[in-house]
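Protein sequence lines, in the order shown, are assigned to chains A and B. Residue 0 is where the first sequence starts when you use numbering that gives the first Met the number 0, and the numbers rise one by one after that. Residue 0 is where the second sequence starts when you use numbering that gives the first Met the number 0, and the numbers rise one by one after that.
Number of protein chains: 2
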Amino acid sequence: MTNNPTRQRILDKTAELLEMQGYHATGLNQIIKESGAPRGSLYYYFPEGKEELAAEAVRDNAERMVAHARQALAAVADPAEAVYQMIVGIAHHAADSGCQGGAPLAAVALEASATSERLRTVCREGYAALAVPFAEKLVGAGLPPARAERLGVFITAALEGAVILTRVQQDPAALTAVAEEIRLLIQQAV
Amino acid sequence: MTNNPTRQRILDKTAELLEMQGYHATGLNQIIKESGAPRGSLYYYFPEGKEELAAEAVRDNAERMVAHARQALAAVADPAEAVYQMIVGIAHHAADSGCQGGAPLAAVALEASATSERLRTVCREGYAALAVPFAEKLVGAGLPPARAERLGVFITAALEGAVILTRVQQDPAALTAVAEEIRLLIQQAV
DNA sequence: GTCTATATGACGATAGAC
DNA sequence: GTCTATCGTCATATAGAC
């Protein structure tokens, strides 16, 4: 039931549209049409409507981002280099695919935190989870846990801001700037 | 005409609502009601409608942010300390006033870059202008211009991301984390 | 300059057939 | 499970009086 392919298709397309357009600009009609999912299925799988659908999509996408971060960081031993290469990878991906940056969180976060407690919570949890892989990598390199956690939050914030700048400027320069400065900071810290 | 108090009141309230709710969630009716401005005035001062109003509000607010940044940075001689205290000031302000962080840009940027070229442009220019005071402060401290500009972009991105995290978490911890890490980075750089 | 009233369309959600 | 048809609401924008 939960892993039904139709349900997953709706979820994926919703996350994509949320990332590009935000919560209020993304209509249920558009999700139906672009996902190719049957119209009747939407309220069958998400009986509570748009808010539930968006919350699930954000949670789903955040989990995927965390998994990707953990994997990318594990691929390179040196922590400064690992974080650097991960962000550069996002920059390349952003340059290729037009504007994908990996942040449906930000768009929903800003719009929904004022309106929907449910959406604010799922965004908060997503950000908290995203900071963990960075902190773990830095602890593994010998940093004190408190400093590692602070750096994890810092990297998350800088990454999210750089994704926004990249989107607006249609140029991944901000992401590469962030990648290089964070590399320096980590090299200094460890 | 341009500096009419009614017009300015509409502009200020629009910027505030954009920051809190984003573009699509902010209705013209709400702007009218909360600003107390006469209903008929809106299309008199902004004949092109919502898009023009939002663009002017974002531009106006970005200019004010740049002016504030320049002033705050000029108040402290040491660049690392100046940037640190500026961001801490934003954190305090965010904690006091509920959630104000100083970023109507982000909300509009994410929603509008996909839809409106006009809004994307004004956001891009706002971010570019915001990075300048940081870069200038660092050049004044003896940093090579290229590095100073890169750090300016980096600080802008980290600040913007931290504002989002602060909003979602209802806690300025992300802003203070960013303030402290950036202080370290600048101390190392100069 | 400011007002009210309204046109027009899109949205989220629901009902009930199949 | 999936479909179509439709309800009620709200949005932006406009028209025309004052």
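All C-beta atoms in this analysis are idealised placements derived from N, C-alpha and C, irrespective of residue type, glycine included.
If the cut-off is 7 Å on Cβ atoms, which residues from the stretch 117-129 of chain A count as contacting chain B, listed in chain order?
R119, C122, R123, Y126
Check for me: the alpha helix (DSSP H) holding S115 of chain B runs from which residue to which?
Here S115 of chain B belongs to no alpha helix (DSSP H), and DSSP marks it neither H nor E.
Under 9 Å by beta carbon: chain A residues contacting A108 of chain B
I163, L164, R166, V167
Give the single residue among B:L129, B:Y43, B:T114, B:I86 whose Cα lies nearest to the Cα of D59 of chain B.
Here the closest residue by C-alpha is B:L129.
Where do the ends of the alpha helix (DSSP H) carrying Q186 of chain A lie?
Unbroken alpha helix (DSSP H) run through Q186 of chain A: 172-188.
Where does G141 of chain A fall in DSSP's three states?
In the three-state reduction of the DSSP assignment, G141 of chain A falls in the coil class.
Can you check whether the CB of G160 of chain B is closer than 9 Å to the CB of I163 of chain A?
yes
Run through chain A and tell me which residues come within less than 9 Å of T114 of chain B, C-beta to C-beta.
Q20, A24
Taking a cut of 8 Å between CB atoms, which residues from the stretch 51-80 of chain A lie near chain B?
Listed in sequence order: no entries.
Residues near T13 of chain A by beta carbon distance below 7 Å, same chain, minus five either side
I30, L52, A53, A56
In whole angstroms, what is the alpha-carbon distance linking A61 of chain A and I154 of chain A?
16 Å
Contact set for I9 of chain B: own chain, Cβ-Cβ below 6 Å, skip 5 residues either direction:
S34, A36
At 4 residues or longer, and completely inside the stretch 51-100 of chain B: list those alpha helix (DSSP H) runs for me, N to C.
78-95
Relative to the C-alpha of I86 of chain A, which residue among A:V107, A:M64, A:A105 is closest?
A:M64
Own chain partners of Y42 of chain A with C-beta closer than 8 Å, once the 5 adjacent residues on each side are dropped
G48
Cα-Cα separation between Q70 of chain B and A173 of chain B, rounded to whole angstroms:
23 Å
Sequence-distant residues of its chain with Cβ nearer than 7 Å to A102 of chain B (five each side left out)
E18, E159, V162
Quick one: measure Cβ to Cβ for E180 of chain B and L142 of chain A, integer angstroms, because I've assumed they're closer than 8 Å.
Actually they are not in contact, since the Cβ atoms of E180 of chain B and L142 of chain A sit about 12 Å apart, beyond 8 Å.
Could you please tell me which residues of the stretch 143-161 of chain B, in chain order, have their CB closer than 8 Å to any CB of chain A?
Here the close residues are R149, L150, V152, F153, T155, A156, A157, L158, E159, G160, A161.
Determine the chain A residues that contact A176 of chain B at a beta-carbon separation under 7 Å, and present them in chain order.
Neighbours of A176 of chain B in chain A, taken as residues whose beta carbon is under 7 Å from its own, are R149, V152, F153 in chain order.
Quick check on T165 of chain A: does DSSP put it in helix, strand or coil?
Residue state, collapsed to three classes: helix.
Please go through the same chain and pick out, in chain order, the residues whose beta-carbon is closer than 7 Å to the beta-carbon of E135 of chain A, but skip the five residues on each side of it.
none
With 16 other Cβ atoms within 10 Å as the buried cut-off, status of V177 of chain A
buried
Would you decide whether R38 of chain B is buried or exposed? Buried here means 16 or more other CB atoms lie within 10 Å of its CB.
exposed
Which same chain residues end up closer than 6 Å to Y44 of chain B when comparing Cβ atoms and leaving out the 5 residues on each side of it in sequence?
For Y44 of chain B, where only same-chain residues beyond five positions count, the Cβ hits under 6 Å are R6.
Identity of the residue in B:G26, B:A81, B:V167 nearest A105 of chain A by Cα
B:V167
Roughly how many whole angstroms lie between the Cα atoms of G139 of chain B and V121 of chain A?
43 Å
What did DSSP end up calling G21 of chain A once you bin it into helix, strand or coil?
In the displayed model, G21 of chain A falls within coil according to three-state DSSP, outside both helix and strand.
Give a yes or no on whether 9 Å exceeds the smallest Cβ distance from L184 of chain A to chain B.
It does; some Cβ of chain B falls within 9 Å.
Counting only C-beta atoms, is A140 of chain B closer than 9 Å to chain A at any point?
no
Measuring only the C-alpha atoms, how far is A68 of chain B from P78 of chain B?
Approximately 12 Å between the Cα atoms of the pair.
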